[in-house]
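Read through the structure below, which is laid out as structure tokens, and then see the notes.
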Amino acid sequence: MQTTNCLLSIAHCLLILRIPYFSPMRPRKIILRSLLLILVVIIVGGVWYAWRAFPLISGFGAKNVCSAVFLQHRDPKAVIEEELSMFPLSLGSFTVNEEDSSVTGSVWGFARRKAIYRHGLGSTIVNDVPEDVLRKQRFVLPTPVTSNRDSIPWPSGDMLSDTFPSSIDKQGIDRILGEALNDTFDGKPVHTRALVVLYDGQLISEKYAPGYDKNTVMLGWSVSKSLIGALIGILVKEGKLDINMPAPVPEWKGTNKESITVRHLLQQTTGLDFAEVYSSPSEVTRMLFNKGDMAAYTAKRPLKHDPGTMFNYTSGNSNILSRIIRHTVGEREYASYPYTALFRRIGMNTALLEPDASGTYIGSSYSYASARDFARFGLLYYNEGKWNGEQVLPEKWVKESIEPVDAAPRKNYGYQFWLNGKSKTDSTQRWLPDVPADMFFADGFGGQDIYIIPSKKLVVVRLGLRVIDENGLLRAIIEKVRD
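Everything in the sequence shown is counted per this note's numbering, starting at 4 for the first residue and increasing by one.
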């Protein structure tokens with residue numbers, strides 16, 4: 004529709020200029036009018052791009068600056084210089100309002116978007132819901148944990164052992180992590196902010212960039228999807244959800260989407276027409292930065308393929324899962340459910356999920372936690388869903404979560420977790436060729452990763468701004484583990 008409007012505008016310009024397709028005009032006039040036409044096309048194209056892209060630039064920047072300033076307590080200038088310095092994000096201007104805990108973004112004064120911060124909830128973009136209504140929303144959250152974790156042994160607390168297994172080269176791992184903090188990739192700084200290594204459950208080594216430490220909460224981006232996958236598993240264990248039944252999505256009843264199951268959502272095989280493209284406006288960017296109810300927006304997308312036949316990784320599927328959790332546990336319990344059912348049970352006391360304007364947690368993208376707490380989540384999966392002897396996840400959930408989806412050509416996806424690839428014998432067919440085939444990982448934009456390597460007894464967390472040489476980092480750490 005947008006492309007059609009653009010072409011109609013160009014046709015209209017042609018009529019105004021009265022340029023026929025075949026004309027005996029003298030060469031000079033032809034050149035001048037052709038140049039004028041090109042200019043008109045450029046202007047129309049620029050307006051079309053601005054109409055689509057500017058609100059996304061404003062929304063992305065306002066949301067992320069708001070969380071960084073009010074949740075992470077970072078300097079707004081540093082946030083803008085690091086996170087928003089690349090084109091086209093650099094076109095945006097962002098104003099922090101300390102009085103009402105908000106950030107407003109715009110591009111040359113146009114496409115204004117506002118994000119507000121609410122204590123215990125993080126930041127939310129004001130979309131489809133008036134700001135005063137949004138600020139009046141009430142969420143029943145659990146009481147914050149105030150105990151001193153430094154006196155409680157790891158992993159329940161933060162007191163670490165000073166003795167280490169003889170099978171690991173701790174000094175070597177320390178050196179690797181220290182060097183990784185200053186790494187570049189493709190000639191650009193990657194801004195690694197945190198690295199944590201667990202060996203057989205014990206915290207062996209951790210390193211942080213200046214300004215960050217073991218208590219700093221950091222954005223997980225799509226690591227959030229794996230957290231949502233775990234919460235779905237807990238609902239299955241509680242007998243409240245059957246992943247093989249049609250997904251309880253109100254918009255799908257009586258439609259051709261009624262056969263989509265929760266399993267299809269977990270495995271990213273719903274068949275919905277949804278593009279996960281960040282380099283230009285797409286369904287995912289419209290959902291995250293222009294829509295107040297992200298799950299509803301995704302649920303209304305048309306069906307492009309038969310469910311189960313095509314793998315299409317989308318953030319929309321994860322947000323539908325998040326709303327399914329909401330509908331399953333009910334409004335009274337939903338806000339606190341991720342905390343009581345998962346985070347508090349495994350000591351992830353810094354973890355926080357941010358909601359959209361409708362009140363549903365953005366299960367695709369907006370989770371925050373310390374690097375240690377993300378490591379705790381990895382440890383839960385390393386221990387096959389057990390924590391301190393308690394089976395938190397269904398007994399076979401982790402095994403099912405790392406079974407490759409048949410519809411994925413590279414056999415590299417399970418239940419909201421990525422896998423190392425389709426071949427256990429041919430390393431060239433793996434995602435990371437120098438890493439064992441049994442590795443699976445929660446992966447977020449820019450290289451937010453929780454790597455779980457059962458055969459090497461390792462859990463590795465890396466958090467930063469841009470992707471790194473993942474294969475090289477893990478290979479180097481693995482070389483410091485003696486079997």
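All residues carry an ideal CB built from backbone N, CA and C; glycine is no exception.
With H, G and I counted as helix, E and B as strand and the rest as coil, what does DSSP make of residue i?
i, result
"Gln140", "coil"
"Glu406", "coil"
"Arg375", "helix"
"Phe73", "helix"
"Tyr418", "coil"
"Gln271", "coil"
"Thr288", "helix"
"Glu134", "helix"
"Pro249", "strand"
"Ser227", "helix"
"Trp434", "coil"
"Tyr120", "strand"
"Asp429", "coil"
"Gly467", "strand"
"Ser207", "According to the sequence displayed, residue 207 carries Ile and not Ser. Strand."
"Phe25", "Low per-residue confidence applies at Phe25: pLDDT is 45, beneath 50, and the placement is therefore not dependable, though the value from the model is reported in the following sentence. It is coil, neither helix nor strand."
"Ile365", "coil"
"Met162", "strand"
"Met351", "coil"
"Arg196", "strand"
"Lys217", "coil"
"Arg413", "coil"
"Ile455", "strand"
For residue i, does the count of other Cβ atoms within 10 angstroms reach 16, so buried, or fall short, so exposed?
i, result
"Glu473", "buried"
"Val82", "buried"
"His76", "exposed"
"Asn259", "exposed"
"Gly424", "buried"
"His267", "buried"
"Val106", "buried"
"Gly181", "exposed"
"Val148", "exposed"
"Pro341", "buried"
Taking the alpha-carbon of residue i as reference, which of the options has the nearest alpha-carbon?
i, options, result
"Ser458", "Tyr385, Phe420, Gln432", "Tyr385"
"Ser368", "Thr264, Pro412, Arg433, Asp446", "Asp446"
"Asn247", "Thr273, Tyr300, Lys228, Leu184", "Thr273"
"Leu477", "Leu124, Lys294, Tyr202, Ala81", "Tyr202"
"Leu507", "Val464, Val99, Val408, Val220", "No answer is possible for residue 507: it lies beyond the span of the chain, which begins at 4 and ends at 486."
"Arg433", "Tyr418, Pro412, Gly450, Leu268", "Pro412"
"Asp376", "Leu206, Ile328, Arg55, Asn315", "Leu206"
"Glu134", "Gly295, Leu269, Tyr340, Gly204", "Gly295"
"Ile405", "Glu393, Phe420, Leu396, Pro397", "Phe420"
"Trp224", "Gly388, Val462, Lys66, Asp437", "Lys66"
"Ala299", "Gly381, Ile365, Glu393", "Ile365"
"Lys228", "Glu393, Pro156, Tyr418", "Tyr418"
"Gly467", "Lys80, Asn415, Glu261, Pro192", "Pro192"
"Lys80", "Met89, Gly62, Val99", "Val99"
Identify, in the order they occur along the chain, each residue of the same chain with its Cβ nearer than 6 Å to the Cβ of residue i, setting aside the five sequence neighbours on each side.
i, result
"Val287", "Glu279, Ser318"
"Phe25", "With a pLDDT of only 45 at Phe25, under the threshold of 50, the placement of this residue in the model should not be trusted, and no figure is reported."
"Phe277", "Glu286, Arg304, Thr317, Gly319"
"Thr353", "Val220, Ala372, Ser373, Asp376"
"Gln270", "Val408"
"Gln5", "Its pLDDT being 45, under 50, Gln5 is placed unreliably in this model, and the coordinates cannot settle the point."
"Tyr337", "Arg329"
Look at the alpha carbon of residue i and the alpha carbon of residue j, and state the distance between them as a whole number of angstroms.
i, j, result
"Asp172", "Asp186", "21 Å"
"Ile176", "Ala114", "47 Å"
"Arg485", "Asp165", "19 Å"
"Ile480", "Ile179", "7 Å"
"Lys460", "Pro168", "12 Å"
"Val470", "Ile453", "13 Å"
"Glu482", "Ser170", "11 Å"
"Leu184", "Val408", "34 Å"
"Ile22", "Leu39", "With a pLDDT of 42 at Ile22, under the threshold of 50, the modelled position of this residue cannot be trusted; read the value that follows with caution. Their Cα atoms are separated by approximately 11 Å."
"Pro253", "Ser361", "16 Å"
"Pro358", "Gly333", "16 Å"
"Leu94", "Ala71", "19 Å"
"Pro91", "Ala197", "27 Å"
Output needed for residue i: all residues of its chain with C-beta closer than 7 Å, excluding positions within five of it in sequence on either side, in chain order.
i, result
"Trp390", "Arg348, Ile349, Leu383"
"Lys307", "Gly274, Leu275, Asp276"
"Leu244", "Ile235, Leu238, Val265, Thr331"
"Met313", "Thr272, Gly274, Ala410"
"Ile231", "Ser321, Leu324, Ser325, Gly366, Gln419"
By Cβ distance, which residues of its chain are closer than 8 Å to residue i, with the 5 residues on each side in sequence left out?
i, result
"Arg335", "Val143"
"Ala250", "Ile263, Thr264, Val265, His267, Leu268, Ile323, Ile327"
"Thr363", "Asp296, Met297, Ala298, Asn322, Ser325, Arg326, Arg329"
"Tyr281", "Val287, Thr288, Phe448"
With a threshold of 7 Å, establish whether the CB of residue i neighbours any heavy atom of the ligand GTP.
i, result
"Gly362", "Annotation note on the ligand GTP: not contained in the displayed structure, which lists no ligands."
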